[in-house]
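One line per chain: the protein sequences are E and U, in this order. Numbering follows our numbering, with no gaps: position 65 of the first sequence is 65. If you count the second sequence from 1, you need to add 246 to reach our numbering. Take a look at the structure set out below.
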Amino acid sequence: MRILVCIDDTDNLDSRGTGELASLLAECLESRGWGKADYVTRHQLLVHPDIPYTSHNSAMAFSASIKAAHLSEFIAYAGVFLATESASGSDPGLCVATWPHGEQEQALLNFGRQAKEQVLTKEAAYALARQLEIHLSEHGGTGQGVVGALAGAGLRLGGNDGRLKGQLRFVGADRVLSVRQLLAHPWVDAVTTTSGQELPVTEQVQLVDKVKTALLGGRSILVVEPAPHGCDGQWQNLSRRQMKGY
Amino acid sequence: MFIRDHHGLAVFSGGQEDWERVAHVASSCGRFRADVEEEWVADERLSCYNCRYRRWTAASFACLKA
Numbered sequence: 001m002r003i004l005v006c007i008d009d010t011d012n013l014d015s016r017g018t019g020e021l022a023s024l025l026a027e028c029l030e031s032r033g034w035g036k037a038d039y040v041t042r043h044q045l046l047v048h049p050d051i052p053y054t055s056h057n058s059a060m061a062f063s064a065s066i067k068a069a070h071l072s073e074f075i076a077y078a079g080v081f082l083a084t085e086s087a088s089g090s091d092p093g094l095c096v097a098t099w100p101h102g103e104q105e106q107a108l109l110n111f112g113r114q115a116k117e118q119v120l121t122k123e124a125a126y127a128l129a130r131q132l133e134i135h136l137s138e139h140g141g142t143g144q145g146v147v148g149a150l151a152g153a154g155l156r157l158g159g160n161d162g163r164l165k166g167q168l169r170f171v172g173a174d175r176v177l178s179v180r181q182l183l184a185h186p187w188v189d190a191v192t193t194t195s196g197q198e199l200p201v202t203e204q205v206q207l208v209d210k211v212k213t214a215l216l217g218g219r220s221i222l223v224v225e226p227a228p229h230g231c232d233g234q235w236q237n238l239s240r241r242q243m244k245g246y
Numbered sequence: 247m248f249i250r251d252h253h254g255l256a257v258f259s260g261g262q263e264d265w266e267r268v269a270h271v272a273s274s275c276g277r278f279r280a281d282v283e284e285e286w287v288a289d290e291r292l293s294c295y296n297c298r299y300r301r302w303t304a305a306s307f308a309c310l311k312a
């Protein structure tokens, strides 16, 4: 079965980030033979004076294929993991959802979108999770992180929000790769311009700084722009500054 | 450059797109500490926008070390 996993508000000013914990959970799911996890994405939530957050207001999510028999085991493990690994003063939340469809899917999508525009409550999050039969749990502090955890799951489900946690690494030292070479990376589904046009596989892309993809249309997209005159490649990946909006 | 709001937070007056100024501020701050990688938004490592003590507001950020 396919699942969505999202965690939020596990960190403080001095601790590891929520993204690192999400990555560790994903790795654990695989190392214990429970299934296979996809990349982790970061989803920005609404920044508002009425929304308390410890250090960032971004949720970290991943999808995974898991053997049904191991789902409850994974959920139990993730809960203990968050309780023990989350930082002092944080308010961690965990969401694990089997991939929803139909009306359930729409309801989760809506919650994710709403979390980027308005203040949502723990009560609303728990009510929706019960309605959709989604696992939602808190593991310390106020547990306010359940709002972001559920919202992040919805945003990952929607496939049009967020950017890759970490960076893409390619074999070899070449910093100019063809689109064909880029597509060989398991986390690159397409290479497109900023207007969404997919590049021919023969086009050359200069890689600069940290290379990240954005989640667009349900795919992990490497977005590129025309390279400055004099560069080796015709295109280059977006800078960190340019990726801010994803 | 930083203005105290009604919560006592020191909020940067330049908003969220004043890249050069925050790079300059961070380079002379002495308290800069890089945030976790996935929260970086500035191209320059040394930028208030990439600092662990940066706390976003709706229109700018507050510096928790100011």
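Ideal placement from N, C-alpha and C gives every residue a C-beta, glycine not left out. Values in this document were obtained by computation on a predicted structure and should not be read as measured data.
With a cutoff of 8 angstroms on beta-carbon distance, leucine 136 (chain E) and valine 188 (chain E) are scored as not near each other. Secondary structure at threonine 84 (chain E): helix, using DSSP grouped into helix, strand and coil. Glycine 217 (chain E) has its alpha-carbon roughly 22 angstroms from the corresponding atom of proline 226 (chain E). For valine 287 (chain U), the chain E residues whose C-beta falls within less than 7 angstroms of its own C-beta are Arg240, Arg241, Lys244, listed in chain order. Within chain E, no residue has its CB atom less than 9 angstroms from the CB of alanine 308 (chain U), the nearest being about 11 angstroms off. For alanine 304 (chain U), the chain E residues whose Cβ falls inside 7 angstroms of its Cβ are Val47, His48, in order along the chain. Here DSSP, grouped into helix, strand and coil, assigns isoleucine 75 (chain E) to helix.
By the neighbour-count definition (other C-beta atoms within 10 Å, threshold 16), glutamine 144 (chain E) is a buried residue.
A straight-line Cα-Cα distance of about 16 angstroms links aspartate 161 (chain E) and valine 287 (chain U). Cβ atoms of serine 65 (chain E) and lysine 36 (chain E) come within 8 angstroms of each other, at about 5 angstroms. According to DSSP, residue pairing for asparagine 237 (chain E) in a beta bridge involves E:Val224. Of the residues E:Ala68, E:His139, E:Lys116, E:Ala124, the one whose Cα lies closest to the Cα of alanine 87 (chain E) is E:His139. Contact between leucine 120 (chain E) and alanine 151 (chain E) is confirmed by a C-beta separation of about 7 angstroms, below the 8 angstroms threshold. The beta carbons of leucine 310 (chain U) and tyrosine 299 (chain U) sit closer together than 8 angstroms.
Note on geometry: alpha-carbon atoms of alanine 22 (chain E) and valine 40 (chain E) lie some 7 angstroms from one another.
Membership of valine 287 (chain U) in any beta strand (DSSP E) is not indicated, and neither H nor E is assigned to it by DSSP. For glutamate 266 (chain U), no CB of chain E lies under 8 angstroms from its own CB, so it is not counted at the interface with that chain. The three-state secondary structure of arginine 250 (chain U), taken from DSSP, is strand.
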